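Note that the sequence shown ends on residue 353 in the working numbering; no numbers are left out. In this text, a Cβ means the ideal position worked out from N, Cα and C, and glycines have one as well. If you're wondering where the values come from, they're calculated on a predicted model, not measured in any experiment. The structure appears below as structure tokens.
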Amino acid sequence: MTHIGVVVNPTAGQGRGRGAGTATVDALRRRGHHVEDLSARDLEGASARARHAAVRGLDALVMVGGDGMVNLGANVVAETDLPLGIVAVGTGNDLARALELPRGDVDASVRAIEHGLAQGPRAIDAVSAGPPLHTARTWYLGTLSCGVDAAVNARANTMRWPRGSGRYVRALIGELRHFAPYGYRVTLDDVVWESAGCVVAVANAPWFGGGVKVAPDARVDDGLLDVVVAGPFTRAGVVRIFPGMYAGRHVRHPAVQVFRSRTALIEPVERLGAFPPDAFADGERLGPAPLLAQVHPGAVQVLA
């Protein structure tokens, strides 16, 4: 009998997570799996319970929620043989989109999990990130952002309306009221980009922010990061370029560059602009620069 740990975010998808979690546990049990509900009152408690269960022995860890829950799961299973299952019922679901997994459909998600258990998981890259002089690291699967996009993310997290990508549009409008370009030095494998700018995104997957295609050519299993940087835009320039980001058209702009690298060191340069906002990874706050991101090929096994 397969032993599956399930962690549910009850607040995901405007409260749909609780019902989706119950449906996921019921569906897996009906199909003959031994299911252990590892959910807790908060994400810290859920992470601790998931880690303890993983040590005791699980055949799979299933996360029910949005990108934040997938991020929690990745931080439990990275560089282990424990596969990760995803039931995507959050607001953005960018990681499920990148992995071509069902979104908002519990039954289809359970079928994908069972297919992965039967046929073997898919190995994807994971990225470690943290202060360059510290050994502690956080894992992410999607995108690290530390420009106006991160400031928008922080503002959007305080909002309850609207749902989905509309929340980020509303947050962008609010953020632009006091926007000024930031100062960066981004050191990659083969190049250093130093400039005032408004966007630095270190992407393992194409989407973030609920469908914003920030790195159109990023792939989760190519062993490389797509590092998107955008030079200093005025407020009006940010407004003009933002709508095209949903389709990835922003990369055609002459002030936008995309580099491919295995590592990315992001440092603030105060003489060039304002101090960058705290970085976010997979929609979760990571902390201030300087930050070092490094890709680890095949570090996470996904049931897909």
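Cα-Cα separation between residue i and residue j, rounded to whole angstroms
| i | j | result |
| --- | --- | --- |
| R320 | S96 | 40 Å |
| A229 | D154 | 41 Å |
| A200 | E224 | 7 Å |
| Y233 | V159 | 43 Å |
| E85 | V104 | 14 Å |
| V263 | V125 | 26 Å |
| R332 | V278 | The amino acid occupying residue 332 in the given sequence is Gly; Arg does not appear at that position. Their Cα atoms are separated by approximately 18 Å. |
| R301 | D327 | 27 Å |
| R186 | N206 | 23 Å |
| R219 | L148 | 27 Å |
| R79 | A72 | 10 Å |
| G70 | F308 | 39 Å |
| L87 | I222 | 38 Å |
| G336 | G81 | 42 Å |
| L77 | V55 | 10 Å |
| L107 | I53 | 6 Å |
| R298 | V305 | 10 Å |
Where residue i sits in the DSSP three-state scheme
| i | result |
| --- | --- |
| A103 | helix |
| G81 | coil |
| D75 | helix |
| S88 | coil |
| P292 | helix |
| A313 | strand |
| M112 | strand |
| H164 | helix |
| G196 | coil |
| V248 | strand |
| L340 | strand |
| E243 | strand |
| H52 | strand |
| A69 | helix |
| R216 | helix |
| D275 | strand |
| R320 | coil |
| E149 | coil |
| E224 | helix |
Sequence-distant residues of the same chain with beta carbon closer than 7 Å to residue i, five excluded per side
| i | result |
| --- | --- |
| A348 | A127, E128, D174, A175 |
| I315 | C195, Y233, V235, V249, A338, P339, L340 |
Residue closest to residue i, alpha-carbon to alpha-carbon, out of the options
| i | options | result |
| --- | --- | --- |
| V363 | G54, S177, R152 | No statement about residue 363 is possible, as the shown extent of the chain runs from 50 to 353 and does not include it. |
| R412 | A267, R311, R204, A99 | Nothing in the structure corresponds to residue 412, since the chain is present only between 50 and 353. |
| P180 | V269, R98, P317, G66 | P317 |
| A161 | P303, L341, A109 | A109 |
| A342 | L150, G169, V251 | V251 |
| E93 | V57, M294, G66, A304 | V57 |
| R171 | D271, M208, P325 | D271 |
| D75 | Q168, P132, D156 | D156 |
Any chain D beta carbon closer than 8 Å to residue i
| i | result |
| --- | --- |
| V176 | Within the model displayed, chain D is absent; a lone protein chain is all it includes. |
Supposed close pair residue i, residue j - CB separation, criterion 8 Å
| i | j | result |
| --- | --- | --- |
| A123 | W210 | With a Cβ gap of about 29 Å, A123 and W210 do not count as contacting. |
| F257 | T192 | 4 Å |
| H83 | M50 | 5 Å |
| G115 | N142 | 6 Å |
| A313 | L274 | 6 Å |
| V269 | L190 | 7 Å |
| P281 | A245 | 4 Å |
Neighbourhood of residue i by C-beta distance below 6 Å, restricted to the same chain and skipping five residues each side
| i | result |
| --- | --- |
| V119 | M112, I135, L144 |
| G196 | C247, V248, V249 |
| W242 | V235, V278 |
| R284 | L225, F228 |
| R146 | W256 |
Beta-carbon contacts of residue i that lie in its chain and below 8 Å, excluding the five residues immediately before and after
| i | result |
| --- | --- |
| Y217 | V201, N202, A205, G258, G259, V261 |
| D238 | S310, R311, T312 |
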